[in-house]
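Novice:
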Ligand SMILES: [Zn+2]
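Here is the structure:
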C-alpha cells in the first residue's frame with residue numbers, strides 16, 4: 012500500500028529566489044535583520060499543528076538559519092518536545108538555486124559540507140543525510156556531490172513539465188533521476204497530479220491550489236514515526252512526498268493548516 016511522507020521547508024522571506032540566489036529571478040532583495048515577523052508566526056503555528064496530531068514530519072532546514080539564536084532555540088525546543096517523530100534534512104546553506112547557475116561542483120560541495128556540519132551539530136540523531144534542493148533547482152551534476160557527502164536521499168525533483176527548466180540547461184528530470192540512481196542516492200520526487208505541481212507554492216496559487224488541495228485530501232496514510240527512516244531510504248517502498256513551507260502557517264492570520272483529510276486514513 013502506498014504511504015505518504017510529510018516534509019516542511021524552512022525558508023524565510025530573505026531566502027526565496029525573488030530575494031536572492033538566482034541569476035535572473037532575484038530582483039527584490041530582503042534585508043536580513045533576524046527572523047521575519049511572518050516567519051516567527053509560522054514557527055509558532057507549525058508547533059501548534061505538531062501539538063494537534065501525531066504525524067511524523069521531516070524538516071528541511073537551511074544552514075544559515077542556525078546562526079540565528081531565536082531559530083536555534085526554537086529548533087532545539089521542538090526536537091526535545093517532539094523528537095521521536097521529527098527528522099531533519101538539509102535545504103542548502105543559503106538557499107542558492109544551484110541548477111540555475113553554471114555547474115559548480117566545488118561551490119556546492121563546500122556549501123553542503125558547511126550546512127551538513129551545522130545541522131549535525133544542532134540536531135544530533137535527528138539529522139538524516141537527506142537533501143532538498145532550494146526552490147527545486149537540482150541538476151544531474153549535483154548527484155555525485157551529494158553521494159560524496161554521505162547523502163542517501165534527494166527529494167528535489169518536481170516531475171512536472173511546468174518546471175522542467177529547473178533541471179538545469181539542456182537537462183530533463185529523467186537525467187536527474189539517472190544521475191541520482193548511478194550515485195546510489197534515492198530520489199523521492201514530489202507528488203504531482205495530472206502532471207501538475209501540488210506542493211509548496213501550488214498549495215496557494217490559484218488555480219493549481221484546487222488540484223493541490225484535492226490531491227492532499229486523498230493522500231494515502233501518512234507513515235508512522237518508527238517507519239520513516241527505513242521507508243524513506245528504501246526505494247522499494249512506494250511513497251508519495253508532500254511538502255509545505257513553515258511560512259504557510261503565517262497565512263490566514265495564522266490559521267493556515269496543511270490540507271490533509273481530517274480523518275487521515277490509517278495503514
Ligand atoms: Zn526552499
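In our numbering, the protein residues as written are 12 to 278. A virtual CB, placed ideally from N, CA and C, is assigned to each residue, including glycine. Model, not experiment: these values are computed from the prediction.
1) Opposite residue 69 in the DSSP bridges: which residues?
2) Less than 7 Å between the CB of residue 279 and some heavy atom of ligand 1, yes or no?
3) For residue 162 versus residue 110, is the C-beta distance shorter than 8 Å?
4) Scan the region 186-262 and note each continuous beta strand (DSSP E) run of 3 residues or more that stays entirely inside, going in chain order.
5) Determine the DSSP secondary structure at residue 79, reduced to helix, strand or coil.
6) What first and last residue would you give for the alpha helix (DSSP H) that runs through residue 60?
7) The beta strand (DSSP E) with residue 141 in it runs from where to where?
8) Give the DSSP-derived three-state secondary structure of residue 132 in the structure shown.
9) Under 8 Å, do residue 235 and residue 199 count as touching if we go by C-beta distance?
10) Could you tell me whether the Cβ of residue 50 comes closer than 8 Å to any Cβ of chain D?
11) Just the C-alpha distance for residue 47 and residue 39, rounded to the nearest angstrom, thanks.
12) Determine whether the beta carbon atoms of residue 251 and residue 276 lie at a separation below 8 Å.
13) Reducing DSSP to helix, strand and coil, say where residue 165 ends up.
14) Is it the case that the Cβ atoms of residue 19 and residue 256 are separated by a distance below 8 Å?
15) Would you report the Cα separation of residue 60 and residue 261, rounded to the nearest angstrom?
16) Does at least one heavy atom of ligand 1 sit under 7 Å from the Cβ of residue 102?
17) Could you have a look at residue 35 and say whether DSSP puts it in helix, strand or coil?
18) Here's the rule: buried if 16 or more other CB atoms are within 10 angstroms of the residue's CB, otherwise exposed. What is residue 167?
19) Buried or exposed: which applies to residue 88, given that a residue is buried once 16 or more other Cβ atoms fall within 10 Å of its Cβ?
20) What is the DSSP secondary structure of residue 145, reduced to helix, strand or coil?
Specialist: Straight from the coordinates:
1) Your numbering for residue 69 matches position 58 in the chain shown. According to DSSP, residue 69 bridges with 18 and 98.
2) With the chain covering only 12 through 278, there is no way to say anything about residue 279.
3) Locating residue 162 in the chain shown gives position 151, where the first residue counts as 1. Locating residue 110 in the chain shown gives position 99, where the first residue counts as 1. Cβ atoms of residue 162 and residue 110: not closer than 8 Å.
4) Secondary structure in the region 186-262: the beta strand (DSSP E) runs of 3 residues or longer, each lying completely within the stretch, are 250-256 in chain order.
5) Counted from its first residue, the chain shown places residue 79 at position 68. The answer is coil: DSSP assigns residue 79 none of H, G, I, E or B.
6) As a working note, residue 60 is residue 49 in the chain shown. It spans 48-62 - the alpha helix (DSSP H) in which residue 60 sits, taken as one unbroken run.
7) To locate residue 141, count along the chain shown from 1; it is residue 130. Looking at the DSSP string, the run of the beta strand (DSSP E) that includes residue 141 is 138-142.
8) By one-based count along the chain shown, residue 132 stands at place 121. Helix, per DSSP.
9) Numbered from its first residue, the chain shown carries residue 235 at position 224. Numbered from its first residue, the chain shown carries residue 199 at position 188. No, the pair does not count as a contact, with Cβ atoms beyond the cut-off.
10) This model lacks chain D altogether; it includes just one protein chain.
11) Start at 1 with the first residue of the chain shown, and residue 47 comes out as number 36. Start at 1 with the first residue of the chain shown, and residue 39 comes out as number 28. CA-to-CA, the gap between residue 47 and residue 39 works out to about 15 Å.
12) Taking the chain shown and counting its residues from 1, one reaches residue 251 at position 240. Taking the chain shown and counting its residues from 1, one reaches residue 276 at position 265. Against a cut-off of 8 Å, the Cβ pair of residue 276 and residue 251 comes out as no contact.
13) Position 154 of the chain shown, counting from 1, holds the residue named residue 165. DSSP places residue 165 in strand when its eight states are reduced to three.
14) What you label residue 19 is simply residue 8 of the chain shown in a count that begins at 1. What you label residue 256 is simply residue 245 of the chain shown in a count that begins at 1. A contact, by the Cβ cut-off of 8 Å.
15) The sequence position of residue 60 within the chain shown is 49, counting from 1. The sequence position of residue 261 within the chain shown is 250, counting from 1. The straight-line gap separating the alpha-carbon atoms of residue 60 and residue 261 is approximately 12 Å.
16) Position 91 of the chain shown, counted from the start, is the residue given in the question as residue 102. Checking every heavy atom of ligand 1 against the Cβ of residue 102, one is found closer than 7 Å.
17) The count along the chain shown starts at 1 and reaches residue 35 at position 24. Reduced to three states, the DSSP call for residue 35 is coil.
18) In the chain shown, counting from the first residue as 1, residue 167 sits at position 156. Per the 10 Å Cβ criterion, buried.
19) Locating residue 88 in the chain shown gives position 77, counting from the first residue. By the 10 Å Cβ count, residue 88 comes out exposed.
20) Taking the first residue of the chain shown as 1, we reach residue 145 at position 134. It is helical.
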